[in-house]
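Position 83, counted from 1, in the sequence shown is what this note's numbering calls 143; the numbers after and before it change by one each time, with no gaps. To start, the structure under review is shown below, and the notes come after it.
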Amino acid sequence: SLCMGNQARVRDGATVMSTSTRNFPNRLGNGANVYLGSAELAVVCATMGRIPTPEEYLAQVEGINTMSDDIYRYLNFDQIEEFQQAASEVVVSFG
């Protein structure tokens, strides 16, 4: 995906898989077909050189399914001990 500060554009009419949070006509290139997807899907697209079928995608990401509880958890930083410790050491000064 292209950063908001990066004005590079894809070839006119290209098909693109993007991890951006926004999409609108011609954002990444004139007449570009832009599909938004997850980071995992972007990796599969990059390795295959195309957008996979659902079956191909599931086969490719099967290895990370065993880690899904850690990968896809909501991060409650206020409840994670390492972050609580780091937060307790932060000094905030006003003025």
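Note that CB positions come from ideal geometry on N, CA and C, so glycine has one too. Please read all numbers here as calculations on a predicted model, not as lab measurements.
Check                                                                                                                                                    : Outcome
Taking the beta strand (DSSP E) that Met77 falls in, what are its first and last residues?                                                               : Thr75 to Ser78
On a Cα-Cα basis, can you pick out the residue from Gly123, Val94 and Asn136 that is closest to Glu100?                                                  : Gly123
Which parts of the region 71–126 are runs of the beta strand (DSSP E), unbroken and 3 residues or longer, counting only runs that do not cross its ends? : 75–78 and 93–96
Where does the unbroken alpha helix (DSSP H) through Ser148 begin, and where does it stop?                                                               : Glu141 to Ser148
Which residue wins for smallest C-alpha separation from Met77, given the options Leu96, Val70 and Asp129?                                                : Leu96
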